[in-house]
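Engineer: Handing you a structure now.
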Amino acid sequence: MQFALGQNTQTITATLHEDAMAINVQQNIVFHNQSTDTLNQLYLYDWNNAYSNKNTALAKRFAEEFNRSLHLAREEDRGNTKIISIIDETFKSLEWKRLAVDDIIKVQLKSPLYPGETYVLNAMYTVKLPSEQFTGYGYDEDGRIILENWYLAPVPFENGEWALYSNMNLNDMFLRNTNYQINFNYPESYKLTTNASKIEYSNTNGFTSAQIQYRDRKKVRLYFEKIKTFQTVQTDHFTFITNIVPKNLSEVSIYLSIDKVSEFLHDHIKNSENIQVMISEEDYRKNPIYGLNQLPSFLRPFQDDFLYELKILKTTLNNYLLEAVDADPRKDKWVFDAIETYLMMQFIEEYYPDMKMAGNFSKIWGLRSFHFSEMDFNEQYNMYYMLMARKNIDQPLSMQRDSLLKFNNNIANKYKAGIGLQYLNKYTEEPIADEIIPEFLAKQDADKAAFEELIIKKSDKNVDWFFDEYVGTRHKIDFKLKDVDATEDSIYFTIKNIRNTNVPISLFTLKNDSIQKTYWFTDIEDEKQFVIPNEGEDRLVLNYDKVIPEFNMRNNWKSLRGFLLNHKPLQFRLFQDAEDPHYNQIFFMPEFGYNYYDGIILGAKLYNKTLLNKPFQYSIRPQYATKSNTLVGGASFKYRQFREDSKLFLINYGIGGSYYHYAPGLAYKSLTPSISFTFRPDDFRSNERQILNLRAVNIHREKDTIVQLEDPSYTVFNARYLTYNNDILNYRSFFLDAQAASNFSKLSFNYEYRKLFDNNRQLNFRFFGGKFIHNNTNTNYFDFALDRPTDYLFDYNYLGRSESSGLYSQQLIIAEGGFKSKLPAQYQYSNDWILTSNFSTSIYRWIEAYGDLGLIKNKGIPTKFVYDSGIRLNLVTDYFELYLPVYSNNGWEIAQPEYASRIRFIITLSPRALTGLFTRKWF
Numbered sequence: 001m002q003f004a005l006g007q008n009t010q011t012i013t014a015t016l017h018e019d020a021m022a023i024n025v026q027q028n029i030v031f032h033n034q035s036t037d038t039l040n041q042l043y044l045y046d047w048n049n050a051y052s053n054k055n056t057a058l059a060k061r062f063a064e065e066f067n068r069s070l071h072l073a074r075e076e077d078r079g080n081t082k083i084i085s086i087i088d089e090t091f092k093s094l095e096w097k098r099l100a101v102d103d104i105i106k107v108q109l110k111s112p113l114y115p116g117e118t119y120v121l122n123a124m125y126t127v128k129l130p131s132e133q134f135t136g137y138g139y140d141e142d143g144r145i146i147l148e149n150w151y152l153a154p155v156p157f158e159n160g161e162w163a164l165y166s167n168m169n170l171n172d173m174f175l176r177n178t179n180y181q182i183n184f185n186y187p188e189s190y191k192l193t194t195n196a197s198k199i200e201y202s203n204t205n206g207f208t209s210a211q212i213q214y215r216d217r218k219k220v221r222l223y224f225e226k227i228k229t230f231q232t233v234q235t236d237h238f239t240f241i242t243n244i245v246p247k248n249l250s251e252v253s254i255y256l257s258i259d260k261v262s263e264f265l266h267d268h269i270k271n272s273e274n275i276q277v278m279i280s281e282e283d284y285r286k287n288p289i290y291g292l293n294q295l296p297s298f299l300r301p302f303q304d305d306f307l308y309e310l311k312i313l314k315t316t317l318n319n320y321l322l323e324a325v326d327a328d329p330r331k332d333k334w335v336f337d338a339i340e341t342y343l344m345m346q347f348i349e350e351y352y353p354d355m356k357m358a359g360n361f362s363k364i365w366g367l368r369s370f371h372f373s374e375m376d377f378n379e380q381y382n383m384y385y386m387l388m389a390r391k392n393i394d395q396p397l398s399m400q401r402d403s404l405l406k407f408n409n410n411i412a413n414k415y416k417a418g419i420g421l422q423y424l425n426k427y428t429e430e431p432i433a434d435e436i437i438p439e440f441l442a443k444q445d446a447d448k449a450a451f452e453e454l455i456i457k458k459s460d461k462n463v464d465w466f467f468d469e470y471v472g473t474r475h476k477i478d479f480k481l482k483d484v485d486a487t488e489d490s491i492y493f494t495i496k497n498i499r500n501t502n503v504p505i506s507l508f509t510l511k512n513d514s515i516q517k518t519y520w521f522t523d524i525e526d527e528k529q530f531v532i533p534n535e536g537e538d539r540l541v542l543n544y545d546k547v548i549p550e551f552n553m554r555n556n557w558k559s560l561r562g563f564l565l566n567h568k569p570l571q572f573r574l575f576q577d578a579e580d581p582h583y584n585q586i587f588f589m590p591e592f593g594y595n596y597y598d599g600i601i602l603g604a605k606l607y608n609k610t611l612l613n614k615p616f617q618y619s620i621r622p623q624y625a626t627k628s629n630t631l632v633g634g635a636s637f638k639y640r641q642f643r644e645d646s647k648l649f650l651i652n653y654g655i656g657g658s659y660y661h662y663a664p665g666l667a668y669k670s671l672t673p674s675i676s677f678t679f680r681p682d683d684f685r686s687n688e689r690q691i692l693n694l695r696a697v698n699i700h701r702e703k704d705t706i707v708q709l710e711d712p713s714y715t716v717f718n719a720r721y722l723t724y725n726n727d728i729l730n731y732r733s734f735f736l737d738a739q740a741a742s743n744f745s746k747l748s749f750n751y752e753y754r755k756l757f758d759n760n761r762q763l764n765f766r767f768f769g770g771k772f773i774h775n776n777t778n779t780n781y782f783d784f785a786l787d788r789p790t791d792y793l794f795d796y797n798y799l800g801r802s803e804s805s806g807l808y809s810q811q812l813i814i815a816e817g818g819f820k821s822k823l824p825a826q827y828q829y830s831n832d833w834i835l836t837s838n839f840s841t842s843i844y845r846w847i848e849a850y851g852d853l854g855l856i857k858n859k860g861i862p863t864k865f866v867y868d869s870g871i872r873l874n875l876v877t878d879y880f881e882l883y884l885p886v887y888s889n890n891g892w893e894i895a896q897p898e899y900a901s902r903i904r905f906i907i908t909l910s911p912r913a914l915t916g917l918f919t920r921k922w923f
């Protein structure tokens, strides 16, 4: 990275006021128009103002990821910027306004700014710092202050447009290299750490004045601490300023690890001068290493020095590349990711070639036989990318960063980008990535175009596929080897391109598990036959080194020794494992459950789902019920058809059945074939989904010798259309449901809305309406229920589905009428029609008031107006809630006997549902 003529310059005078956690700023900006366009306005980033209210782009981003911290924050914890004045160099006031996103300022110029000329802005403003609880920047409870993106910064004008990017907590402000001169005044109780080119201090009247110079830098990063935690470690090629100092390593070990990282970086970056980098724990937390290293220290399967080296390496690469690379970090993120991940992988290959993904777990008896324990450390990069590809929620590397799902932004796209450079190395049969990286980083304009030009220049083969397919699309790569025929001197075979993604594929010939030769084949649009010399090989394998991130590697090999050897053997494993393409894997694991009639349920689950999703999945669950003393259980089989470039992104075909007890001594059997269609918008970050589900629920119940069931066995055809937006601030869902059986048919409609207002009060509203088209039943089993559905379709996780008294009968599932009070028997069910509304609103935090209103109509009985009200303890919405009735058609329930039996509760015990509570922000 070399000094560029015509750079922007900034002069800043700032004073920190500790009591108000505010900074008074006077700033001089010299903006150089390096474009060929005449400019009549300038734009300034004001990312500190992104914390100012609940409607900024940052607040909305938090809400998309189910984070309400900025919405619920106290005013004193928020940050903002108060502009006092913006003037030009003649001291004339300039017209300015904030864009709707609140963290970008538009400044109207008094005169045109022609190409090659400069314009001077002078701004005076006050920066109120935010609490660090939101993004890690600002002040913390100990008075420590971390400043990044705290001052006004000119927005680059690139290719005829302004890079108007809001603060999205992505650490990707697009800046051009600038020379900074900063005079920062702060209380002398603070110690300042920064990576300045030059810094001088003086003390006056209890304040320290720091004269700070940054030459040819993009960002100004400042750390103020009462007790300094940063250390400076000098190596031959880098100077590290860091507070990443583990307590469990000696000073010697720390230096040796940092020096190892320094030597590696120098070998691959080939820097001629000593580079100063500042890396912090906060930097690492924003861009951590994901995997088993995140387990508690006593469980981590890796050595402390190994983890420390990776931590230093990744954080250094991230911070260094943000300064050295001139590409747009939001639009061209893949360039940064490719270099960072590739070098992380190279570090492992050079220093820890035998390291396994499971670390020391791979040496433990009982674990070492798992395929997960056999996998090399670098295989995790493909596995984590494939995790999203198999879910059909992967996104193109070229997609703008703020449009990516959190998992794709933080993990999957990063890893795919790095794998791509290894792919290029293997395809070109030259280590071109090792040549490209240092040459690219030495360029004056190290932008995306320069990176792509170097890839083309260094390759003797056509690499258009890399940009057109690998980077530019989310098309999956999947080849299949078939029709293999060996003669005395030749081997004939066909390669089928299952996904029609036009990229090269490698073929390895093996003999006694040793690689004999490697071939590369290109331009296979559908399928193509090839012939190679027969030199005594016994196996052909596509992508044997697993460098290419293929969607399915189970169809990649063929034996030349006979037909039977092409069949994969069965492999049984206790507990789930990583996918091994050489086996048909079957997993089994202990399972337990509980319901009132079967008691504690013990058993096992046999299934084929690996850590990665498969199109076809099955689960067989033989179980023993300790209370009913019988064998129970269930099974399910489903095939998922993913559609890549369609709003109809998933078609799910399934059939499932179960056998449990629904009352003491009475069992039921269920068998349900189904098909569902799931739609999503083009924006993957949207929480909106639409689902059409069709199924036939077949139920057979054992007959009670005392109480005769009208329909012990029945079949219900059910069609439901559901649409929802699972937004944490504005939740909306509705469904239309139709059911038909031999003796009844009915329609129902459900609408639900939740709104979290700016004053932090929440309103919850639900409406349900249902009407029988015909009803020839003589019991209430299929009726609409006011407070406790009979669940004849066996959809709900009742702890005691047939209980009418006792604790289990108090379990509440918000469905149909949704009432909380148990009203007299004649109003608990409807065999004609029902209309109900459920309301609740905040009183204080998770304490809410609720009320339900409804009309219920039974044949031959006048319509009845029903109501109830009380207090809702909304501890974890939809997962754990308590309802305390106060007043209803029953009167003042709070004053009536046995009040505890009137309390209702919602509880979710499903591991999958509970896991979703924590994973929803990632996907």
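Going by my numbering, the letters in the sequence shown line up with residues 1 to 923, in that order. Cβ coordinates follow ideal geometry from the N, Cα and C atoms, glycine included. These numbers were taken from a predicted model, which means no experiment stands behind them.
(1) So, using beta-carbon positions, are residue 540 and residue 454 closer together than 9 Å?
(2) What did DSSP end up calling residue 365 once you bin it into helix, strand or coil?
(3) Exposed or buried, which one is residue 178 when buried takes at least 16 other CB atoms within 10 Å?
(4) Determine the contact status of residue 506 and residue 456, defining contact as a CB-CB distance below 9 Å.
(5) To the nearest angstrom, how far is the alpha carbon of residue 5 from that of residue 146?
(6) Taking the runs of the beta strand (DSSP E) that are 3 residues or longer, which of them lie wholly in the stretch 89-173?
(7) Around the C-beta of residue 798, are 16 or more other C-beta atoms found within 10 angstroms, so that it is buried, or is it exposed?
(8) Please go through the stretch 697-773 and give each complete alpha helix (DSSP H) segment of 4 or more residues, from N-terminal end onward.
(9) With DSSP as the reference, label residue 210 as helix, strand or coil.
(10) Output the residue ranges of the alpha helix (DSSP H) runs that lie fully inside the stretch 350-433 and measure 4 residues or longer, sorted by chain position.
(11) How about residue 171 and residue 287: do their beta carbons lie closer than 9 Å?
(12) Straight-line CA distance for residue 345 to residue 464?
(13) Closest by CA to residue 715, which one among 669, 250 and 216?
(14) How far does the beta strand (DSSP E) with residue 485 in it reach, from first residue to last?
(15) Do residue 734 and residue 749 come within 9 Å of each other at the CB atom, strictly closer than that value?
(16) Assuming residue 31 contacts residue 164 under a Cβ cut-off of 8 Å, what Cβ separation, rounded to an integer in Å, is found between them?
(17) Would you tell me roughly how many angstroms separate the C-alpha atoms of residue 238 and residue 440, rounded to the nearest one?
(18) For the alpha helix (DSSP H) containing residue 304, list its first residue and its last residue.
(19) Using the C-alpha atoms, what's the distance from residue 754 back to residue 596?
(20) In terms of DSSP beta bridges, what is residue 891 paired with?
(21) Can you tell me whether residue 822 is buried or exposed, with buried defined as 16 or more other CB within 10 angstroms of its CB?
(22) Let me check understanding here. Comparing Cα to Cα, which of 429, 498 and 314 lies closest to residue 478?
(23) What are the start and end residues of the beta strand (DSSP E) that includes residue 531?
(24) Excluding the 5 residues preceding and the 5 following residue 297 in the sequence, name in chain order all residues of the same chain whose CB lies nearer than 8 Å to its CB.
(25) Assign residue 365 to one of two classes, buried (16 or more other C-beta atoms within 10 Å of its C-beta) or exposed (fewer than that).
(26) Hey, could you find the ends of the beta strand (DSSP E) residue 539 is sitting in?
(27) Less than 8 Å between the CB atoms is what I'm expecting for residue 264 and residue 347, so what's the real figure, rounded?
(28) Where residue 389 and residue 615 are concerned, what is the direct C-alpha to C-alpha distance, given to the nearest angstrom?
(29) Have a look at residue 140 and residue 194 and give me their C-alpha separation to the nearest angstrom.
(30) From which residue to which residue does the alpha helix (DSSP H) around residue 261 run?
(31) Ignore the nearest five residues each way along the sequence and tell me which others in residue 414's own chain have a CB closer than 6 Å to its CB.
(32) Write down the C-beta distance between residue 317 and residue 343 rounded to the nearest angstrom, noting that I regard them as a contact closer than 8 Å.
(33) By the three-class DSSP mapping on this structure, what secondary structure does residue 902 have?
(34) Could you name each continuous beta strand (DSSP E) segment of 3 residues or more that falls completely within the stretch 614-691, going from the start of the chain to the end?
(35) Which of the three DSSP states, helix, strand or coil, is assigned to residue 333?
(36) Am I right that residue 219 and residue 148 are in contact with their C-beta atoms under 8 Å? What's the rounded C-beta distance?
Structural biologist: Let me spell this out:
(1) The answer is no: Cβ separation not under 9 Å.
(2) In this structure, residue 365 counts as coil in the three-state DSSP scheme.
(3) Classified as buried, residue 178 has 16 or more neighbouring CB atoms from the shown chains inside 10 Å of its CB.
(4) Against a cut-off of 9 Å, the Cβ pair of residue 456 and residue 506 comes out as no contact.
(5) Caution is warranted here: a pLDDT of 46 is assigned to residue 5, below 50, making its placement in the model unreliable, and no coordinate value can be reported.
(6) For the stretch 89-173, the full-length beta strand (DSSP E) segments reaching 3 residues or more read 95-98, 104-113, 118-128 and 145-147 along the chain.
(7) Classification of residue 798: buried, given that the 10 Å Cβ count is 16 or more.
(8) Under the rule that a run must span 4 or more residues, no alpha helix (DSSP H) segment is found entirely inside the stretch 697-773.
(9) Assignment of residue 210 by DSSP, reduced to helix, strand and coil, places it in the strand class.
(10) Qualifying alpha helix (DSSP H) stretches, in chain order: 371-374, 379-389 and 413-428.
(11) Their beta carbons are under 9 Å apart, which means residue 171 touches residue 287 by this criterion.
(12) Using only the alpha carbons, I get a separation of about 24 Å.
(13) Looking at the Cα atoms, 669 is the closest of the given residues.
(14) Residue 485 -> beta strand (DSSP E) spans 479-486.
(15) Closer than 9 Å, so yes.
(16) With a Cβ gap of about 16 Å, residue 31 and residue 164 do not count as contacting.
(17) Cα to Cα, the separation comes out at about 19 Å.
(18) Residue 304 -> alpha helix (DSSP H) spans 304-324.
(19) So the two alpha carbons sit approximately 33 Å from each other.
(20) Bridge pairing for residue 891: 888 [DSSP].
(21) Buried, because 16 or more other Cβ atoms sit within 10 Å of the Cβ of residue 822.
(22) Here the closest residue by C-alpha is 498.
(23) The continuous beta strand (DSSP E) containing residue 531 extends over residues 527-533.
(24) Counting only Cβ-Cβ distances below 8 Å, and skipping sequence neighbours, we find 248.
(25) In summary, residue 365 is exposed, with fewer than 16 beta-carbon neighbours lying within 10 Å of its beta-carbon over all protein chains present.
(26) That run of the beta strand (DSSP E) goes 539-542.
(27) Their Cβ separation, rounded to whole angstroms, is 6 Å, which keeps residue 264 and residue 347 in contact under 8 Å.
(28) In a straight line, the C-alpha of residue 389 is about 12 Å away from that of residue 615.
(29) In this structure, the CA atom of residue 140 is about 18 Å from the CA atom of residue 194.
(30) Annotation: the continuous alpha helix (DSSP H) that includes residue 261 extends over 251-269.
(31) Apart from sequence neighbours up to five positions away, the residues of its chain that approach residue 414 with a beta-carbon distance below 6 Å are 337 and 341, ordered along the chain.
(32) Yes, they are in contact, since the Cβ atoms of residue 317 and residue 343 sit about 6 Å apart, within 8 Å.
(33) Reduced to three states, the DSSP call for residue 902 is helix.
(34) Correct list: 616-625, 630-642, 648-663 and 666-679.
(35) The answer is helix: DSSP assigns residue 333 an H, G or I state.
(36) Sure, about 7 Å apart at Cβ, within 8 Å.
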